[in-house]
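Following: one structure in structure tokens, then a few remarks.
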Amino acid sequence: MTGNEEFRRRVDDGPAREAAELTLLVPVMNEEEAIPAFLERVVPLLEKMDDPASGSFEILFIDDGSRDETLSLIRAASATDPRIGAISLSRNFGKEAALTAGLDHAQGKAVIPFDVDMQDPPEAIAEMLRKWREGNDIVYGVRTNRSSDSLPKRLTADLYYRAHNALSHDKIPEHAGDFRLLDRKVVEIIKKMPERNRFMTGLFAWTGFRQAAVEYERAEREDGTSHFGYWKLWTLALDGLTSASTVPLRVWSYLGGLIAIGTLIFAGFIVAKTLITGIDVPGYASLMVAVLFLGSVQLISLGVLGEYVGRILREVKGRPIYIVGERIGEVADRRTESSHF
Ligand code: UDP
Ligand code: MG
Numbered sequence: 001m002t003g004n005e006e007f008r009r010r011v012d013d014g015p016a017r018e019a020a021e022l023t024l025l026v027p028v029m030n031e032e033e034a035i036p037a038f039l040e041r042v043v044p045l046l047e048k049m050d051d052p053a054s055g056s057f058e059i060l061f062i063d064d065g066s067r068d069e070t071l072s073l074i075r076a077a078s079a080t081d082p083r084i085g086a087i088s089l090s091r092n093f094g095k096e097a098a099l100t101a102g103l104d105h106a107q108g109k110a111v112i113p114f115d116v117d118m119q120d121p122p123e124a125i126a127e128m129l130r131k132w133r134e135g136n137d138i139v140y141g142v143r144t145n146r147s148s149d150s151l152p153k154r155l156t157a158d159l160y161y162r163a164h165n166a167l168s169h170d171k172i173p174e175h176a177g178d179f180r181l182l183d184r185k186v187v188e189i190i191k192k193m194p195e196r197n198r199f200m201t202g203l204f205a206w207t208g209f210r211q212a213a214v215e216y217e218r219a220e221r222e223d224g225t226s227h228f229g230y231w232k233l234w235t236l237a238l239d240g241l242t243s244a245s246t247v248p249l250r251v252w253s254y255l256g257g258l259i260a261i262g263t264l265i266f267a268g269f270i271v272a273k274t275l276i277t278g279i280d281v282p283g284y285a286s287l288m289v290a291v292l293f294l295g296s297v298q299l300i301s302l303g304v305l306g307e308y309v310g311r312i313l314r315e316v317k318g319r320p321i322y323i324v325g326e327r328i329g330e331v332a333d334r335r336t337e338s339s340h341f
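Below, the structure is given as structure tokens:
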């Protein structure tokens, strides 16, 4: 059976059982240290919530190519608790791809992506559900206090949100990470979005609908270390900007126009000056400055063009965003209609 046939069969069969109220999506990559603490804290917390979801939730891990004991820990947990399951990707595809895989497989009426390190407090989930029941379709978490992040990380994050929102038509809420509640309606839209370049925060914001915020403080990571160094964050920022805005492409025409006007005025000036006072040979410094400045401006604009062309290439190739290697538990053994195969 080809992948497509299998996909159709599953869609035709429909969901095997009634959809859960809530799916917690947990991307994990080499998190053997964090998983036991996570389950110990989150499962009782969800069970005790004052919401119908407390009796009807599922926890879907997306194993993003872990090379440690992460998967066997999840397998053990899933064997004793059918509400826990996992999609294991065939290799590391990155967090955005992992979230895409999770959204494609989540069955809950509300879906919350949640980091396993619990830097975002799981207690906020109850508050998110409350706002969702009030009729909001997206309830995003906003970090009021980022003192657990280092100063340079805070500053660059701040700069990024500003730059993104200044350049792009689709604004993203400041200091909102991936921790947010998504209504099924929003999930279905995200599932139909075909782009390979998946800057999730931008995609969520783009869908619109009624949105509300829940404020919380972000804690330190308890076990293990962050997977996002500055280089990865920079790449993520480029993905976000290039997918949300074409201003970086257009700005060069305006800059070129301005320089051209300046050059014309200057040309008129030196021609007049030469006519009046004769030929003036010195000028090496100004020549060098002009050549080097324009040369670097051209290289930068070429680089920006390259960023976009590279992304177009990735889109055109149309490869799947992720590949499922293994499914663990009943929770993971369903696939719903989406355009990501
Ligand atoms: N993660 C992932 N794939 C990756 C990198 C990270 O699934 O390639 C997961 C990781 O296991 C964690 C979440 O994404 O659950 C957030 O990662 P991390 O805490 O390292 O990021 P930070 O909180 O520093 O932004
Ligand atoms: Mg973290």
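Residue 234 in the UniProt record's numbering is what sits at position 234 of the sequence shown, and the numbering runs on without skipping anything.
Just so you know, even glycine gets a beta-carbon here, dropped at the ideal spot from N, CA and C.
Give a yes or no on whether the C-beta atoms belonging to residue i and residue j are separated by under 8 Å.
i, j, result
"M200", "D178", "yes"
"E307", "E195", "no"
"V247", "A124", "no"
"P122", "L45", "yes"
"A110", "D63", "no"
"M128", "F38", "no"
"H340", "D104", "yes"
"I112", "L181", "yes"
"E40", "G108", "no"
"F57", "L24", "yes"
"V186", "I265", "no"
"V142", "A176", "yes"
"L89", "G318", "no"
"L73", "E47", "no"
"V297", "L249", "no"
Between the Cα of residue i and those of the options, spot the shortest distance and give me the residue it belongs to.
i, options, result
"R210", "V42, Y140, D333", "Y140"
"L71", "E58, P113, V28", "V28"
"N165", "T242, A98, A212", "T242"
"V251", "P320, G325, L264, L302", "L302"
"R311", "S245, P36, T277", "S245"
"G240", "V271, A205, T225", "A205"
"K153", "W231, L73, V297", "W231"
Which whole-angstrom value describes the C-beta separation of residue i and residue j, a residue pair presumed to lie in contact below a C-beta threshold of 8 Å?
i, j, result
"R83", "N30", "Not quite, the Cβ-Cβ distance comes to about 24 Å (not below 8 Å), so this is no contact."
"R75", "I328", "5 Å"
"R198", "T274", "Actually they do not touch by this definition, with Cβ atoms about 58 Å apart."
"D120", "R218", "6 Å"
"A332", "G85", "4 Å"
Please determine whether the Cβ atom of residue i lies at a distance below 7 Å from any heavy atom of the ligand MG.
i, result
"R180", "no"
"D333", "no"
"R143", "no"
"D115", "yes"
"N221", "First, the amino acid is wrong: residue 221 is Arg here, not Asn. It does: the Cβ of R221 is within 7 Å (strictly closer) of some heavy atom of the ligand MG."
"F298", "Here the sequence assigns Gln to residue 298, which means Phe is not the residue at that position. Flag unset: Cβ of Q298 not near the ligand MG."
"Q119", "yes"
For the ligand UDP, any of its heavy atoms closer than 7 Å to the Cβ of residue i?
i, result
"V304", "no"
"A228", "Looking at the sequence itself, residue 228 is Phe, so the reference to Ala does not match. The answer is yes for F228."
"V28", "yes"
"G240", "no"
"D68", "no"
"A98", "yes"
"G262", "no"
"E31", "yes"
"K95", "yes"
"D104", "no"
"D158", "no"
"N92", "yes"
"D50", "no"
"D81", "no"
Pairs of beta-carbons, one from the segment 149 to 163 and one from the segment 251 to 271, closer than 8 Å: are there three or more? no
Are there three or more Cβ pairs, one per stretch, closer than 8 Å when the segment 162 to 180 is compared with the segment 84 to 94? no
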